[in-house]
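Data first, discussion second: the structure below is written as structure tokens.
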């Protein structure tokens, strides 16, 4: 699966507002789509800092584990970040309308997208 297809699949989830594939080594947006109200270039760069901070903290704590996903809950939105285990340095980013989405299904969709990308 290419990155654009991954974004399309993430946008098929109920309540999806925007989705992206991001390189957190550089902070660059590799593919993205959805609502024009969300500047995915800025979101990619900002969420790259979130990923880096969490990884740095885990290292300082001596945690020998991997991040499955990070959930940021806003008043009206969910922001999901999922680092890709087999695509080092990349993460999936999904923005959801809190009132129209099912968090469990959205999280599951990211797992499915990652699985498809591994094929």
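In UniProt numbering, the protein residues as written are 1 to 119. Where a beta carbon is used, it is the ideal one built from N, C-alpha and C, also for glycine. Here the structure is a predicted model, which is why all the values come from computation and not from measurement.
By alpha-carbon distance to residue 39, the top candidate from 17, 4, 66 is 17. Distances from the CA of residue 26 to each of 51, 113, 14, 36 were compared; the closest alpha carbon is that of 51. Between the alpha carbons of residue 6 and residue 113 lies a distance of about 6 angstroms. Within the same chain, and ignoring the five residues on either side of residue 21 in sequence, the residues whose Cβ sits closer than 7 angstroms to its Cβ are 3, 6, 7, 30, 31, 90, 92. By the criterion of a C-beta distance shorter than 7 angstroms, residue 23 is surrounded in its chain by 30, 89, 90, once the five residues flanking it on both sides are discounted.
Annotated as proximal: residue 78 and residue 96, with beta-carbon spacing under 9 angstroms.
Note: residue 3 is not bridge-paired with any residue in the DSSP secondary-structure output.
Residue 9 and residue 109 have their C-alpha atoms some 8 angstroms from each other.
Under the three-state reduction of DSSP output, residue 38 falls in the coil class, being neither helix nor strand.
If you draw a straight line from the Cα of residue 56 to the Cα of residue 19, it comes to about 25 angstroms. In the three-state reduction of the DSSP assignment, residue 88 falls in the coil class. Non-local beta-carbon contacts of residue 117 in its own chain, meaning distances under 8 angstroms to residues more than five positions away in sequence, involve 1, 6, 84, 86, 87 in chain order.
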